[in-house]
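J.: If you scroll down you'll find the structure; I have some questions about it.
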Amino acid sequence: LKAIVQRCQWPGCDRWARTSQADHLEPHADGGTSDPHNCGIHCPHHNKIKNDGYTTQRQPDGDIAYYRPDGTPIT
8 LKAIVQRCQW PGCDRWARTS QADHLEPHAD GGTSDPHNCG IHCPHHNKIK NDGYTTQRQP
68 DGDIAYYRPD GTPIT
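Take any residue in the sequence shown, count from 1 to its spot, add 7: that is its number in the numbering used here.
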């Protein structure tokens with residue numbers, strides 16, 4: 008994924024992918040697979056804040072939707 012994605016995919020973040028991590032969109036602990044369709048590239052900060060209730064979801068068009076803990080989308 009890092010060869011395709013140049014920067015953290017979180018909206019508004021511009022950290023380079025080389026400093027980022029592959030992140031399960033559906034958490035592995037919840038049955039998420041490790042295939043590329045279930046992964047995004049996120050910097051360590053944005054990978055970690057998912058533990059605070061932020062969520063991500065792959066959309067049918069391949070984009071990733073991002074949500075705050077209250078469910079409102081991040082654009």
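Idealized CB from N, CA, C, for every residue including glycine.
(1) For T63, does the three-state DSSP call read helix, strand or coil?
(2) According to DSSP, is P76 helix, strand or coil?
(3) Suppose you measure from the CA of G19 to the CA of P34; what does that come to, to the nearest Å?
(4) I'd like to confirm the pairing. Which residues does DSSP put opposite D84 in its beta bridges?
(5) Applying the criterion that 16 or more other CB atoms from any shown protein chain within 10 Å of the CB defines a buried residue, is G47 buried or exposed?
T.: Looking at the atomic coordinates:
(1) strand
(2) coil
(3) 22 angstroms
(4) The structure shown has nothing for residue 84, since the chain only spans 8 to 82.
(5) buried
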